[in-house]
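Residue numbers (this note's numbering), protein chains in the order written: chain X, 28 to 283; chain U, 15 to 241.
Don't be surprised by glycine CBs; every beta carbon is placed ideally from N, CA and C.
Just so we're clear, the structure is a prediction, and the values are computed from it rather than from any experiment.
A short write-up of the structure that comes next.
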């Protein structure tokens with residue numbers, strides 16, 4: 028008996044949807060890593076290296092630290108969380124969602140004052156900020172983004188906070204802040220050093236001295252889930268290895 | 015409604031933005047809709063598609079391209095900078111420009127439907143009585159499309175109130191200048207200030223709901239009378 032083609036097509040569809048939605052975590056030795064967007068591309072390189080060195084596979088989920096945190100609280104199936112700050116991992120531990128004692132700084136962020144030029148020829152320094160001969164300085168929103176909070180502290184250290192008040196524009200995160208400067212809309216911006224490495228302009232602008240702001244500590248933490256624990260442990264230890272630290276440093280971060 | 019400790023500035027900025035956007039879109043959207051409703055041109059589907067793009071594009075895509083288009087390095091942004099001495103991004107004018115594109119379909123689509131409903135008959139009758147085309151439009155087509163003008167205006171206004179992705183990209187989130195209601199709500203949620211977020215979000219929800227109920231009630235009555 029032949030079924031009408033419409034019905035058969037529908038059945039095929041149902042099977043396709045069922046297959047497509049079957050959980051990938053069913054595979055053994057896979058670690059699902061939730062990673063802050065600013066670290067996503069270096070995390071891919073790290074995952075490749077880790078997969079080559081071990082039998083484990085890594086699945087990356089990128090998002091903002093705040094959103095990933097909210098998803099983890101609601102039971103998202105992640106094994107490791109690489110946050111862009113130290114606050115969210117600490118809260119997850121105290122809320123019983125992350126393994127106590129597993130928190131570890133995997134990278135320290137640095138800020139660069141940047142004018143959007145990728146040739147690295149424009150000389151920049153704090154005197155440019157003090158001169159005020161620019162329209163807009165883009166920083167990440169200090170209330171939302173760790174790089175924004177650090178940028179705010181830099182302005183306080185340089186005693187320029189009040190003078191520049193009318194010139195500040197805010198990106199929702201460091202990625203949008205970079206876009207505001209790169210697109211030429213803001214003449215200056217305090218962006219992440221790692222972003223300029225990725226853009227092939229690692230020495231562009233002025234590297235803000237680390238004494239100008241509290242350290243931007245990006246912490247990783249092991250999440251409390253039953254499956255995949257061994258692979259997750261292995262991935263976190265790998266992040267502290269010399270190999271991984273060299274990769275992280277080359278990407279424009281400092282390592283502890 | 016008591017606003018408690020909530021800063022009302024974003025509300026005023028948002029209301030100003032929606033008012034300016036709606037008023038300017040009446041001027042820009044009406045001729046576009048009139049042309050679309052009456053043309054037999056082969057490029058009509060293209061123009062129609064362009065006016066409807068903001069409906070289907072994610073606001074971040076629109077915002078991203080506007081950021082490039084409005085930058086002082088681009089012709090439009092440079093023109094604006096020499097004209098006004100201020101950049102188009104990070105300014106209220108820039109927000110109005112972006113919102114006009116973002117809300118364009120909400121103005122144009124109801125008007126196209128209305129003008130098509132008017133048909134050629136009444137306009138040709140007016141013309142045969144000696145009315146110049148603009149007169150025929152103003153005295154025949156507009157009064158016959160009164161309700162749709164109201165619908166288009168209300169939808170444009172309320173759609174602009176809820177705008178988020180585009181203004182986040184091109185506005186720069188400047189307090190007192192480009193921080194609109196939806197961004198203020200987003201900031202409150204992200205920083206866990208849920209009480210303030212609730213006050214603003216509930217206000218927007220109730221207002222938008224009331225507006226839609228009014229529009230649909232009005233629309234229904236119109237249809238009953240016609241049928």
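Between the C-alpha atoms of residue 189/X and residue 179/X there is a straight-line separation of about 11 Å.
Shown here for residue 225/U: same chain residues with a beta carbon closer than 7 Å to its own, the five before and five after excluded, namely 168 and 172 in chain order. In summary, residue 104/U is buried, with 16 or more beta-carbon neighbours lying within 10 Å of its beta-carbon over all protein chains present.
With a threshold of 8 Å between beta carbons, residue 163/U makes no contact with chain X. 99/X is the residue among 99/X, 78/X and 282/X whose C-alpha sits nearest the C-alpha of residue 251/X.
Against chain X, the beta carbon of residue 201/U has neighbours under 8 Å at 168, 170 and 171, listed in chain order. Distance from the Cα of residue 82/U is smallest, within the candidate group 203/X, 262/X, 272/X and 260/X, for 203/X. When 8 Å is used as the limit between beta carbons, residue 179/U is near no residue of chain X, the shortest such separation being about 10 Å.
The C-beta distance from residue 217/X to residue 166/X rounds to 5 Å, short enough to meet the 8 Å contact threshold. For residue 106/U, there are no CB contacts under 6 Å within the same chain when 5 residues up- and downstream are skipped. The region 263-283 of chain X and the region 19-29 of chain U do not touch, with fewer than three beta-carbon pairs separated by less than 8 Å.
Close CB contacts of residue 69/X within its chain, under the 6 Å cut and outside five residues either way in sequence, are with 278 (chain order). Selection 184/U, 198/U and 190/U evaluated against residue 110/U yields 184/U as nearest (Cα-Cα). Judged by their CB atoms, residue 43/U and residue 90/U are not nearer to each other than the 8 Å cut-off. For a Cβ distance threshold of 8 Å, residue set 210 and 211 of chain X lies close to residue 87/U, ordered along the chain. By the neighbour-count criterion, in which a residue is buried when 16 or more other Cβ atoms sit within 10 angstroms of its Cβ, residue 248/X is buried. For residue 206/X, the chain U residues whose C-beta falls within less than 9 Å of its own C-beta are 78, 81 and 183, listed in chain order.
Between residue 174/U and residue 222/U, the CB-CB gap reaches or exceeds 8 Å. By DSSP's assignment, residue 245/X forms a beta bridge with 134/X. Chain order gives no chain X residues near residue 33/U, where near means a beta carbon separation below 9 Å; the closest approach is about 24 Å.
Annotated as distal: residue 196/X and residue 199/U, with beta-carbon spacing of 8 Å or more.
In the structure shown, the three-state DSSP call for residue 209/X is helix.
Contact with chain U is found for residue 196/X, since one of that chain's Cβ atoms lies less than 8 Å from the residue's Cβ. Among the residues of chain U, those whose CB is under 7 Å from the CB of residue 93/X are 204, following chain order.
206/X is the residue among 276/X, 264/X and 206/X whose C-alpha sits nearest the C-alpha of residue 80/U.
Residue 179/X has a beta carbon lying at 8 Å or more from every beta carbon in chain U.
Here DSSP, grouped into helix, strand and coil, assigns residue 59/X to strand. For residue 196/X, the enclosing beta strand (DSSP E) begins and ends at 195-198. Measuring C-alpha to C-alpha distances from residue 57/X to each of 273/X, 270/X and 259/X identifies 259/X as the nearest.
In the DSSP annotation of this structure, residue 57/U is not part of any beta strand (DSSP E), being labelled neither H nor E. Contact annotation for residue 53/U against chain X: no contact, minimum CB-CB distance about 36 Å [criterion: below 9 Å]. Counting only Cβ-Cβ distances below 8 Å, residue 104/U has contacts in chain X at 163, 196, 212 and 213, in chain order. DSSP places residue 226/X in the coil class of the three-state scheme, outside both helix and strand. By alpha-carbon distance to residue 110/X, the top candidate from 122/X, 101/X, 88/X and 123/X is 88/X. Classified as buried, residue 198/X has 16 or more neighbouring CB atoms from the shown chains inside 10 Å of its CB. Annotated as distal: residue 201/U and residue 176/X, with beta-carbon spacing of 8 Å or more.
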